[in-house]
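Residues 3 to 372 in my numbering are what the sequence shown spells out, letter by letter.
A short write-up of the structure that comes next.
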Amino acid sequence: ANGPFFRDEEGRESSLYWWAMNAGKRSVTCEMRLEAGRDLFHRLVAGADAVIETNAPGAAKDIGADPRTLAKVNPEAVVVSITNFGQTGPARNLPATDIVGSAMGGHMYLNGSDERGPVRTTAPQAYAQVNLQAAVGAVIALYARGANGGLGQHVDVSMQESMANAMDNAQQTWDILQINNRGPGSGRMVSGREGPRYIYETADGWVAALGLGGLMGPTSGAMVDWLDQTGEAGPLTAPHWRERLEVVQPLEEDEQELLVGIMQKFCRTRRKDDLVREAQSRGVGWAPVYSPREIVESDQLAARDYWVQVRHEDIGETFVYPGAPWKLSGTPWRQRGRAPHVGEHNAEVYGDLLGLDADEVAKLRRSMVI
3 ANGPFFRDEE GRESSLYWWA MNAGKRSVTC EMRLEAGRDL FHRLVAGADA
53 VIETNAPGAA KDIGADPRTL AKVNPEAVVV SITNFGQTGP ARNLPATDIV
103 GSAMGGHMYL NGSDERGPVR TTAPQAYAQV NLQAAVGAVI ALYARGANGG
153 LGQHVDVSMQ ESMANAMDNA QQTWDILQIN NRGPGSGRMV SGREGPRYIY
203 ETADGWVAAL GLGGLMGPTS GAMVDWLDQT GEAGPLTAPH WRERLEVVQP
253 LEEDEQELLV GIMQKFCRTR RKDDLVREAQ SRGVGWAPVY SPREIVESDQ
303 LAARDYWVQV RHEDIGETFV YPGAPWKLSG TPWRQRGRAP HVGEHNAEVY
353 GDLLGLDADE VAKLRRSMVI
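Laid out in structure tokens, this is it:
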């Protein structure tokens, strides 16, 4: 089980990762290595719109969960297979975790810096990205079902491809210009050239500070005026500098060094909230770099009722959980509850969906089918 753990008690169901990933879901168990288990699973599939499986390529066939078998059970079902590298290709059977997906999907190369080398994003983005793409693929396949005679189809989703699909223009930069974009530290690499630095340390944290040169050319004048009013603009008030900064084109290395030095001194002596407030009032796109605590305490998220209270009745406590990233006007999203215990909903699901009574469910439990 992945930590950290509630009250430091190690175990799958006390894992905060388990809580975060499985809140609102129902959990059933089914021993699909047994024929009775496969039959039970196929009865569930018969009434399903979509089936999601995460077995290694080829392994689903051994337990009757492969697309061909499921298409016979329910031709209308969309079957989504989520794997590390997809169902085909020389890497299809390679083991992988999130860090492998980040590395072989290209994202790790775009993070970090020359001094440090490639860096993985702390939060597991490869897992998140492949699951997001799987959801999109499933919805598209369900929509297409209405146009192809009501038949489902197989959605083959690769973690590597999902990450490679989210790399901005890095692949095109190589294909067209033969330039490898790389991790530019706290800035951004554009067409092989390092853009302006964006992240600066303040007296009490960090800010994402846009507004001087390069792609931020149109806001450079307002930023130079601000620096000039505080007596910290240095040479930037000279006409040639103002003209240079307002042109949307990459800056030279020596120009970057000068700007970074000015901005570092300017930000380091001020509080991030004060900086952001003043920048926004001048039309300059600055933002505080929030810690997890600051996100939870965000006035903006509170105003939109983003956070939800989830009761864990088994331990007698209520916790704050993230809500949905969208709001539906007609069918509002709601959090159904805490992450389930393994097999918690066996009686409910097998009873409601398959019509099994309590004795039948108990028999399946005694025979280790569920």
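A virtual CB, placed ideally from N, CA and C, is assigned to each residue, including glycine.
What you are looking at is a predicted structure, and each value in this text was computed from that prediction instead of being measured.
Secondary structure note for HIS343: it is in no alpha helix (DSSP H), with a DSSP letter that is neither H nor E. TRP208 is bridged by DSSP to GLU203. Taking 8 Å as the upper bound for CB-CB distance, VAL80 and GLY154 are in contact here, some 4 Å apart. If only complete runs of 4 or more residues are kept, the stretch 256 to 329 shows the alpha helix (DSSP H) at 274 to 283, 294 to 298, 301 to 305, in order along the chain.
The C-beta of ILE297 has fewer than 16 other C-beta atoms within 10 Å across all chains shown, which makes the residue exposed. Out of ASP158, ALA211, ALA349, the CA that lies nearest to the CA of ALA58 is found in ASP158. Using a 10 angstroms sphere on the CB of HIS109, the tally of other CB atoms reaches 16 or more, which defines it as buried. Bounds of any beta strand (DSSP E) do not take in ASP64, whose DSSP letter is neither H nor E. Counting of Cβ neighbours within 10 angstroms places PRO6 among the exposed residues, the total staying below 16.
Beta-bridge partners of GLY114 (DSSP): PRO120. Taking 7 Å as the cut-off, the Cβ atoms of THR56 and ILE101 do not count as close. The criterion of a C-beta distance shorter than 7 Å is satisfied by ALA38 and VAL371. For ALA360, the uninterrupted alpha helix (DSSP H) segment begins and ends at 360 to 368. Looking at the DSSP output, VAL53 shares a beta bridge with VAL81. In this structure, the CA atom of ARG336 is about 37 Å from the CA atom of TYR200. Closest option to PRO334, judged by alpha-carbon separation, among VAL82, ARG45, GLU362, ASP307: ASP307. Distance from the Cα of ARG272 is smallest, within the candidate group ASN182, GLU234, ASP10, GLU350, for GLU234.
Taken through DSSP and simplified to helix, strand or coil, SER104 comes out as helix. Of the residues TRP309, HIS343, ILE317, TYR19, the one whose Cα lies closest to the Cα of TRP328 is TRP309. Minimum Cα-Cα distance from SER16 among the listed residues MET165, SER29, ILE317, ASN113 corresponds to ILE317. Between GLY207 and ASN113, the CB-CB gap reaches or exceeds 7 Å.
The C-alpha of ALA136 lies about 20 Å from the C-alpha of LYS63.
Within the same chain, no residue comes within 7 Å of GLU362 by CB-CB distance, once the 5 residues on both sides are set aside. If the five residues before and after MET265 are omitted, its C-beta is found closer than 8 Å to the C-beta atoms of ARG199, TYR202, ALA211, LEU214, all from its own chain and listed in chain order. In this model, ASP354 and GLU319 are separated by some 29 Å (Cα to Cα).
Excluding residues up to 5 positions away in sequence, ALA58, PRO59 lie with their Cβ nearer than 7 Å to the Cβ of ASN95 in the same chain. Following the DSSP letters along the chain, one finds VAL138 in no beta strand (DSSP E) but inside the alpha helix (DSSP H) bounded by residues 127 to 147. Per DSSP, the beta bridge partners of HIS156 are VAL81.
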